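Some notes on the structure that comes next.
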Amino acid sequence: MNIQIFGKSKCFATKKAERFFRERGIKFQSVDLPKKGLSRRELESVLHAVGDLSLLVDEKHPDAALVRYLLPDAQVEKLLEEPKLLRTPIVRNGQKATVGEAQDIWLKWLE
């Protein structure tokens with residue numbers, strides 16, 4: 014199991030995801046999204062796993078409405094340029110990924 018948690022340091026949901034895996038003794042790699050961002054390949058992998066780009070956008074961000082009106086390729090570019098627009102946490106397990114709190118899915122990964 015290769016868990017990566019992409020999140021913001023002050024994000025409560027990110028801390029909750031880290032605590033979830035820590036309490037179960039699962040090692041994970043934590044990535045500070047505003048500092049490191051996502052590579053294009055990582056973003057495409059998450060998008061493929063999640064299935065819908067709108068699920069990746071943090072609706073609470075002031076520029077979230079702007080992203081909705083861009084063409085799909087431009088949306089991806091915008092998310093790569095401004096990782097603060099991404100909803101967190103993004104949790105990856107190989108080719109699988111979740112966005113936001115998804116403890117039910119994380120539990121299935123552990124089975």
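Just so we're aligned: the sequence shown equals residues 14 to 124 in the numbering used here.
Where a beta carbon is used, it is the ideal one built from N, C-alpha and C, also for glycine.
Quick caveat, the model's predicted, so the values are computed rather than measured.
Give me the Cα-Cα distance between residue i and residue j, rounded to the nearest whole angstrom.
{"i": "L98", "j": "E55", "result": "15 Å"}
{"i": "E31", "j": "I18", "result": "7 Å"}
{"i": "L120", "j": "R53", "result": "28 Å"}
{"i": "K29", "j": "E90", "result": "28 Å"}
{"i": "K73", "j": "W122", "result": "29 Å"}
{"i": "P75", "j": "V63", "result": "23 Å"}
{"i": "S43", "j": "L84", "result": "31 Å"}
{"i": "L66", "j": "I39", "result": "28 Å"}
By DSSP, does residue i sit in helix, in strand, or in coil?
{"i": "I16", "result": "strand"}
{"i": "A115", "result": "coil"}
{"i": "K29", "result": "helix"}
{"i": "K109", "result": "strand"}
Count the other CB atoms, across all protein chains shown, that sit within 10 Å of the CB of residue i; report buried if there are 16 or more and exposed otherwise.
{"i": "I16", "result": "buried"}
{"i": "Q88", "result": "buried"}
{"i": "L69", "result": "buried"}
{"i": "A78", "result": "exposed"}
{"i": "P96", "result": "buried"}
{"i": "R35", "result": "exposed"}
{"i": "L92", "result": "buried"}
Do we get a CB-CB distance below 7 Å when we pair residue i with the residues of chain B?
{"i": "A78", "result": "Absent from the structure is chain B; it holds one protein chain and no more."}
> Mind pulling the alpha helix (DSSP H) runs of 4 or more residues that sit fully within the segment 46 to 107?
Replying inline: 46 to 49, 53 to 63, 77 to 81 and 85 to 94
> Does the pairing of the segment 20 to 30 with the segment 44 to 52 give three or more beta-carbon distances under 8 Å?
Replying inline: yes
>> Is it the case that the segment 57 to 77 contacts the segment 101 to 112, given that we only count it when at least three CB pairs across the two stretches are under 8 Å?
In response: yes
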